[in-house]
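Number of protein chains: 2
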Amino acid sequence: MRMSELSSRSGLAIATIKYYLREGLLPQGRPLAATRADYDESHLRRLRLIRALLEVGRLPIASIKQIISAVDDDSLPTHVMLGVARHALSAAVAPEPGDDWSEAEHDAERLIAAQGWRIGRRAPARAELVQTLHRLRQLELSTDLGHHAELAHRLVTEIEIPSVTPDGPRDSTVESVVLGTVLYGKAFDALRRLAREAAEAEVSLSTAPDA
Amino acid sequence: MRMSELSSRSGLAIATIKYYLREGLLPQGRPLAATRADYDESHLRRLRLIRALLEVGRLPIASIKQIISAVDDDSLPTHVMLGVARHALSAAVAPEPGDDWSEAEHDAERLIAAQGWRIGRRAPARAELVQTLHRLRQLELSTDLGHHAELAHRLVTEIEIPSVTPDGPRDSTVESVVLGTVLYGKAFDALRRLAREAAEAEVSLSTAPDA
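For the protein sequence lines, the chains are Y and F, in the order given.
Sequential numbering of the first sequence, starting at 0, is according to numbering that gives the first Met the number 0.
Sequential numbering of the second sequence, starting at 0, is according to numbering that gives the first Met the number 0.
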């Protein structure tokens with residue numbers, strides 16, 4: 000297809016697509032003439048991936064470049080490529096050295112072991128879990144998240160993962176991981192807060208004398 | 000207790016506590032002399048609430064003032080006070096008028112009705128759910144979140160809500176809602192991403208030819 004069709008099918012302006020070509024985010028098309036080139040479905044898929052990372056993942060262009068390089072490097076196994084994507088999606092966590100932090104690390108270790116999850120030592124989500132456990136400890140709140148972990152495991156294995164297609168093109172695999180992580184994560188959080196609002200209303204309305 | 004003890008027990012610098020006094024976030028103590036005052040447990044509880052909103056909720060001082068005013072206004076029923084807190088915790092959502100947006104609103108309505116949740120029309124989490132559903136539609140991804148809603152309902156009613164104490168002081172009720180919403184939400188999201196990482200590794204390692 001020509002650039003104009005690529006633009007209309009992707010919903011992106013021609014100037015934007017040319018910018019991605021210059022930045023190396025989108026591979027060049029097959030040259031037809033000095034100023035024309037031919038694009039195919041792989042270009043469309045790539046544009047869809049970039050949009051997802053940009054608009055849904057809210058990633059800066061620098062992080063998107065890292066992910067695209069990993070996608071384009073066929074020598075990287077799939078799980079390494081996904082690791083790069085997960086890393087780019089996560090907030091950096093600065094450990095706070097001390098006994099409390101070590102305790103939080105042990106709490107996280109126990110939760111992960113109890114679910115039988117095999118997780119890299121430097122997985123970004125592990126650091127975020129440790130940070131949250133650390134905060135809960137500081138505030139003297141319960142760090143007993145065993146039931147949370149069980150429900151997270153069910154949510155993922157019964158509902159979310161069956162929709163991931165690992166055999167497709169590398170672009171699509173990364174896209175489904177990014178979209179799955181970000182969008183269904185947002186959806187679940189909104190639903191959880193709605194459930195809380197409904198449940199909190201029942202608790203306070205049934206006991207507050209001013210209701 | 001004196002200001003110095005309030006400082007050591009709250010872990011906040013005296014200058015910070017004086018700033019909260021000037022801003023009206025912390026009620027004045029009982030005057031003992033021209034330059035001394037006496038503080039009690041209610042002052043400690045208030046400082047703990049402010050810290051939670053500031054450090055865990057990452058709210059700006061202006062939003063914290065709104066919440067504190069609602070806590071201090073005894074004429075407001077508990078559920079209205081909690082509504083103010085929930086609103087301050089949420090990101091603003093700008094509706095995008097069009098058929099897609101209306102469809103997403105209907106999707107959200109159906110999900111909420113199916114769970115039997117009673118939710119205010121202008122609840123911030125409802126708007127965030129609509130926005131996420133709208134995005135899923137645009138990307139042609141499944142908007143069938145019935146199982147997500149069911150698991151969110153179980154998480155909240157079986158695990159999270161039993162730990163909320165609605166009969167305590169208003170400060171404590173707001174604190175437990177803010178901390179519960181933010182911290183256990185973060186914890187669940189980290190656990191969910193760990194579960195995904197473990198499950199995605201199994202899927203891709205068992206099928207990828209390069210593993």
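Just so it is clear, CB atoms sit at the ideal spot from N, CA and C, and this is done for glycine as well.
Review point. Which residues bound the alpha helix (DSSP H) around proline 30 of chain F?
Key: First-last for proline 30 of chain F: 29 to 32, but that is the beta strand (DSSP E), not the alpha helix (DSSP H).
Review point. How many Å lie between proline 168 of chain F and isoleucine 160 of chain Y at the Cα?
Key: 43 Å
Review point. Under a Cβ-count criterion, where at least 16 other Cβ atoms within 10 Å of its own Cβ denotes burial, should histidine 147 of chain Y be classed as buried or exposed?
Key: buried
Review point. What is the rounded straight-line gap between the Cα of methionine 0 of chain Y and the Cα of leucine 53 of chain Y?
Key: 24 Å
Exercise for review: Count the other C-beta atoms from every protein chain shown that fall within 10 angstroms of the C-beta of glutamine 130 of chain F, then say buried if there are 16 or more, exposed otherwise.
Suggested key: buried
Check your understanding: Cα separation between arginine 136 of chain F and tryptophan 100 of chain F?
Key -> 9 Å
**Study point:** Span of the alpha helix (DSSP H), counted from its first residue to its last, around alanine 91 of chain F
**Key:** Here alanine 91 of chain F belongs to no alpha helix (DSSP H), and DSSP marks it neither H nor E.
Review point. Looking at chain Y, which residues of the region 69 to 99 of chain F have a Cβ within less than 7 Å of any of its Cβ atoms?
Key: Pro76, Thr77, His78, Leu81, Arg85
Practice item. Could you tell me the distance, in whole angstroms, from the CA atom of alanine 197 of chain F to the CA atom of alanine 93 of chain Y? Key: 23 Å
Review point. CA-CA distance, tyrosine 38 of chain Y and alanine 126 of chain F?
Key: 38 Å
Review point. Run through DSSP, which three-state label would alanine 36 of chain F get?
Key: strand
Check your understanding: Going along the region 108 to 123 of chain F in order, which residues come within less than 9 Å of chain Y, judged by CB to CB distance?
Key -> Leu110, Ile111, Gln114, Gly115, Trp116, Arg117, Ile118, Gly119, Ala122, Pro123
Point to revise | DSSP state of proline 26 of chain Y mapped onto helix, strand, coil | key: coil
**Study point:** Supposed contact pair glutamate 199 of chain F and leucine 81 of chain Y - C-beta distance, whole angstroms, cut 8 Å
**Key:** 6 Å
Check your understanding: What does a CB cutoff of less than 6 Å around glutamine 114 of chain Y pick up in its chain, not counting 5 residues either side in sequence?
Key -> Ala148, His152
Check your understanding: When you check each C-beta in the region 171 to 196 of chain Y against every C-beta of chain F, which residues fall closer than 8 Å?
Key -> Thr172, Val176, Leu178, Gly179, Thr180, Leu182, Tyr183, Gly184, Lys185, Ala186, Phe187, Asp188, Ala189, Leu190, Arg191, Arg192, Leu193, Ala194, Arg195, Glu196
Check your understanding: Anyone know if the C-beta pair for glycine 23 of chain F and alanine 36 of chain F falls short of 9 Å?
Key -> no
Check your understanding: Quick one, which residues of the region 144 to 163 of chain Y are near chain F if we go by CB-CB under 8 Å, in chain order?
Key -> Leu144, His146, His147, Ala148, Leu150, Ala151, His152, Arg153, Leu154, Val155, Thr156, Glu157, Ile158, Glu159, Ile160, Ser162, Val163
Point to revise | For arginine 134 of chain F, the first and last residue of its enclosing alpha helix (DSSP H) | key: 123 to 137
**Study point:** Own chain partners of serine 41 of chain F with C-beta closer than 6 Å, once the 5 adjacent residues on each side are dropped
**Key:** none
Exercise for review: Could you give the DSSP three-state label for tryptophan 116 of chain F: helix, strand or coil?
Suggested key: coil
Check your understanding: What do you get for glycine 56 of chain F, buried or exposed, if any count of 16 or more other CB atoms within 10 angstroms of its CB means buried?
Key -> buried
Check your understanding: arginine 134 of chain Y versus chain F: which residues are under 7 Å apart at the beta carbon?
Key -> Val55, Leu182
Review point. Shorter than 9 Å from the beta carbon of threonine 103 of chain F to some beta carbon of chain Y?
Key: Just to set this straight, residue 103 of chain F is alanine in the shown sequence, not threonine. Judged by the 9 Å Cβ criterion, alanine 103 of chain F is not in contact with chain Y.
**Study point:** Candidates Y:Pro123, Y:Trp116, Y:Ser62, of which the one nearest alanine 91 of chain Y by Cα
**Key:** Y:Pro123
Review point. Helix or strand or just coil, what does DSSP make of alanine 198 of chain F?
Key: helix
Review point. According to DSSP, is threonine 142 of chain F helix, strand or coil?
Key: coil
Point to revise | Three-state secondary structure assigned by DSSP to aspartate 72 of chain F | key: coil
Practice item. Identify, in the order they occur along the chain, each residue of the same chain with its Cβ nearer than 7 Å to the Cβ of glutamate 4 of chain F, setting aside the five sequence neighbours on each side. Key: none
Review point. What's the C-alpha gap between isoleucine 16 of chain Y and glutamate 174 of chain F?
Key: 48 Å
Check your understanding: Quick one, are the C-beta atoms of arginine 8 of chain F and aspartate 170 of chain F less than 9 Å apart?
Key -> no
Review point. Is any beta-carbon of chain Y found at less than 9 Å from that of alanine 198 of chain F?
Key: yes
**Study point:** Buried or exposed (CB count within 10 angstroms, at least 16 for buried), isoleucine 13 of chain Y
**Key:** exposed
Check your understanding: Which one of Y:Leu128, Y:Leu132, Y:Ala61, Y:Gly179 has the shortest CA to CA distance from threonine 156 of chain Y?
Key -> Y:Gly179
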